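Residue numbers (the working numbering), protein chains in the order written: chain A, 8 to 349; chain B, 8 to 349; chain C, 8 to 349; chain D, 8 to 349.
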């Protein structure tokens, strides 16, 4: 039984574990003030060509989102998100638990546009309503789609005009940036948003996200915020060391690219069998539309999740590949699906 | 330069890393629903002789405290803590950030007694004041002291009488239970408190605390609370696997005992040099009172923290040993201190 | 310039001010523990035929909503509301500021049905999402519509089955219960919901809402919650005395009925001029659809608010009558509108 | 049975009720945007000789405190208060409910000094602890004491040096400023603090506090904060009108002065009977030390509260006079106490 359920089923890339063993008896400074965090931050700053950013290493994605959002907003301010956004749906009200409303906008593909945001601004006019202050986007989105350079630039310009902060959730940033459809460089992102994070958990680390704060106004006292929410790891070097390995060379992008290549193969198999997709595949999450009978058969050999029922006979499932997906698993899927259709 | 600064300077016990490598390409269920978490929970339940508890694996201690406390209290209720308690001093207002007052009680040794709590109850009489509902204690405390069986039993009886919940922070529970002065068994603790946690971060794990909820009334929906605060790890098996290794045999207590033995040796060296302690040493944290000149000399070879200035000439420092402290480091300390006094 | 902007433009019914003057030099117990609050509670309990409820007098509606909701929910739980609900739109995120998500449901008429709620339940399935626990409705709604007995009974049954709490915002309860379309008795409401409030501010009081808690499980320590949120008035008797006057005889319902009668006259005038309504009028809020030119002319003599633009030529406005609306103001409106159409 | 329990037992000064009746059928703009609030703000600005302040009318004191404090602090920041401060003791954790720790400092007389605050600063050194950002003081304090000009100036200078905000709770500001011991002018206060409020509830209004924000940085979007916490009254003119009456001439200070004069007479009677005070009396709250037997006898004719037990035979009680205290009540007290001592 092979799982296409998610991209966090396996441990870490072996290079990470090797380094961990090598460094195991070093004595490190606590709370992410160690040499590994410093190195990892240096590598990332070089990569994004920005020396002036602040980089923090956070154990998980929900934490990173709630830290960045709650630290940036005053009590009466809200964050705007696609209705499919992770903060709106899959974080158990984590943002609201810090006191802030998430204003959700309906989208077909999980992506926000200036027009959608303008509608929210038009509606929120006075002190009887929350005040929009931040826009939250994901790249890749929860539907596996990505922002291209024109789209992100337009969003960025619009947000600056309207005095809105732009925050990009990069839990799957690697997969977005190594997509065949991508024309964004990570330096573009660092230039266009106020803050973003580079996801480690879903791209080969045991745990950890690298939060990059680009806007000076959002930097002050951020370590207090991290500590208060319980996200300042005593053994912070465990995070730093992993990002050191991922970014001292191209490993981070190699792993993401592998996930994309595996997904592309899966997508081809599905297309060759005559099926279409709920959204066009371009990263490591696929949302094929399949007959319920096919889904039932596939589920005998593979784990995956049901995204939604489309009509009485067909449903959308979600298949996720990762840095650890083996070609043999793709082959097994091909064989199974081909057999079902012969 | 050897660090006695804390017990989380090194990585993890090698057995943990070995297991991690062995299990690295397994596909595990996410969010602590994997086989390793199940095994670890089983071992801990056997150890504490309670099958009916709920066990959750949480990345860190501040998180564990804020999760357990905020999940247990209604909005108007407070938690009582020693003024030295970690939640009162060293968590950047994490409990208040969840909406609850920490009512702090002055103590000499970091330990609470029924009498101290009764005074808080006497003072908080009506709806104009917060309502005491939970008592937070640490074992060992932030001053390295421990509760004996009579003390914990008395606290437990008193709390039950007064309808107060009793929560024990066990960030350094291993060191407490393997202390020469200890007469408490972990089964006693599981019987006497409503919830407690078994610290991994400070006793040989890369990260992780095992929260044990003994009181049925505190169990419901706890996973929602964990997720909302960003403490539900996608790769939860990284936590489970570590506790599996620590509790499948006696490793957890062996590591804690080693830290205590090293501390005892340090304490003997200090006593032999004619110095006394701010509180009697019995676990892996020592608080010797030393002349400032001695402290200055020691700090050339060793890292440690200043606890407080006592008078113009003397101060209290804090020395911490761990599962990773090597006898050679103790020897170096002995040599240095002996030299200073000859 | 006469204002149909809202039902809180004027002071209080003269009987209330008379009583206030009469009682002015009494010495009353503070914090709503006075004789007037006791009397008012007694009258309300008789009216709703429930001796076992708890009644609290709160300065305002937003406070009453946030108190009742935040006191009833655990941190991970949410409240379900129509998207037009006051808590979702017009309270500046007051509920989120207490940590809870408002899950909003699209409606045409501001009213929730079991089917709508079932869809929310179907969607919120596990600990990665907030847990639905309370349903918030308003009667009359923000669109002036009301729940009939069959509808409220169905909601109540459904909520009990699903272990959901049902809370009714009665800021305009008087207008709902004295509507010609109404078949609900206030005793029905007290039987069918877990908590509701009887609005004073919008029905002839200077300020104040009477919160009625029917469900025993929601009663405990509620005065602590009131105090903590700053809603326990030192001179609570100012609230009690007003509700005493409103409920010692039928004054409350007489005032509401007057507002409805005035609204009915307004509605007839609008219909006679050939215009229709966005929602059928039945209480003291009217939402006529008028040509923009007519609206522009009316706004020269009357104050009212624009609800929404319907198309390029027509808009929906909101007209509100109150206990203080004078027949002469209705006549002026008739004359103006008739003139515009001749 | 006459009550010296507090200064909010009676209704409002008759001039206020008269004006309320006179204005009753005016149609006012909602939410404190009416002409009465504007007039009241104008009078107060003239009085304090500051045109640039923002003035908000809030229903109650606990609300005013929690609004001002929570609007001024980022999540990790705390407010420093005397341990006797209202926010620390008598607001049911209202500040903590907004997420912020109150760091309490022990005092003998309820007053803070720069030295005390420096000690808090010395202790809070890094991101593992909350960050001090605001100092909360009351004038008069909860012990009836007042700050003189030198003391408030020193505090103000110190706070500016240390980048701390200074907020003055003026629930009983009238009594402080009309004390015989006072040398502060209200223009001094407006110059020396970042924000303060002028209490109405305890000085002749039915309800209401006038919050004055002097520091430009604290002004932005404050109405959003008010609305979110449920403190924006629909009939805000009820607040404005009262402050209009209190400040269109010297009524506010006349009422406060009356309370002080009555208190002085009470204090003289107590002194003449040979008793002393826990703190020297200078405003409308007295804290005499009396034999328990005398207290028992007094309590047969008068209501007052017990402040604390001093020793087995003597206790401190709290007597409060007000704008409504009649000389006859003072005479009755004199007669009673004199009789007890003859």
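Don't be surprised by glycine CBs; every beta carbon is placed ideally from N, CA and C. Since this is a predicted model, take the numbers as computed values, not measurements.
Only 228, 230, 231, 232, 234, 235 from the segment 221-235 of chain D bring a Cβ to less than 7 Å from some Cβ of chain A. Under the 8 Å criterion on CB atoms, residue 88(B) is classed as non-interfacial with respect to chain A. Only exposed fits residue 315(D), as fewer than 16 other CB atoms lie within 10 angstroms of its CB. Closest in C-alpha terms to residue 149(A), from the list 110(A), 192(A), 166(A), 209(A), comes 209(A). Taking a C-beta distance under 8 Å as the contact criterion, residue 237(A) and residue 69(B) qualify as a contact pair. Counting only runs of 3 or more residues that sit fully inside the segment 84-172 of chain C, the beta strand (DSSP E) segments are 84-89, 109-112, 138-145, in chain order. Contact note: residue 136(D) reaches chain B through 96, 97, 99, using a C-beta cutoff of 7 Å and chain order.
Take the alpha-carbon of residue 21(C) and the one of residue 261(D): they are about 29 Å apart. Taking C-beta separations shorter than 6 Å and ignoring five residues to either side along the sequence, the partners of residue 98(B) in its chain run 69, following chain order. Interface flag for residue 104(D) against chain B is set, since a Cβ pair is found closer than 8 Å. The C-alpha of residue 84(A) lies about 27 Å from the C-alpha of residue 95(D). Close partners of residue 39(B) in chain A (Cβ separation under 8 Å) are lacking, with about 12 Å as the shortest Cβ gap.
When DSSP states are grouped into helix, strand and coil, residue 336(D) belongs to the helix group. Around residue 115(D), no beta-carbon contact reaches into chain A at under 7 Å, the shortest distance being about 32 Å. When secondary structure is reduced to three states using DSSP, residue 314(C) falls in the strand class. Cβ-Cβ distances below 7 Å link residue 320(B) to 298, 299 in the same chain, with the five nearest sequence neighbours on each side left out; the list follows chain order. According to the DSSP assignment, residue 231(C) belongs to the alpha helix (DSSP H) that extends over 229-235. Note on residue 157(D): under 16 other CB atoms within 10 angstroms of its CB, so exposed under the neighbour-count rule. By the Cβ neighbour-count rule, residue 130(B) is exposed, with fewer than 16 other Cβ atoms within 10 Å of its own.
With fewer than three CB-CB distances shorter than 8 Å, the segment 250-261 of chain A does not count as touching the segment 226-233 of chain A. Contact annotation: the segment 51-66 of chain D does not touch the segment 54-61 of chain C, with fewer than three C-beta pairs closer than 8 Å. Annotated as distal: residue 14(A) and residue 264(A), with beta-carbon spacing of 8 Å or more. Across the set 197(A), 335(A), 282(A), 42(A), the C-alpha of 197(A) shows the shortest separation from the C-alpha of residue 159(A).
Residue pairing for residue 325(A): DSSP places it in a beta bridge opposite 312(A). Here residue 278(B) is exposed, its C-beta having fewer than 16 other C-beta atoms within 10 Å. The Cβ atoms of residue 345(C) and residue 280(C) sit closer than 8 Å to each other.
Pairwise C-beta distances place the segment 126-143 of chain B in contact with the segment 72-86 of chain B, as three or more of them are shorter than 8 Å. According to DSSP, residue pairing for residue 204(C) in a beta bridge involves 218(C). For residue 64(D), DSSP records a beta bridge to 217(D).
Judged by DSSP secondary structure, residue 239(B) falls outside any beta strand (DSSP E); it is assigned neither H nor E.
For residue 21(B), the enclosing alpha helix (DSSP H) starts and ends at 21-29. Taking 8 Å as the upper bound for CB-CB distance, residue 240(C) and residue 214(D) are in contact here, some 6 Å apart. In the displayed model, residue 10(B) falls within a strand according to three-state DSSP. When secondary structure is reduced to three states using DSSP, residue 260(D) falls in the helix class.
DSSP places residue 250(B) in the helix class (H, G or I) of the three-state scheme. Residue 297(A) is bridged by DSSP to 322(A).
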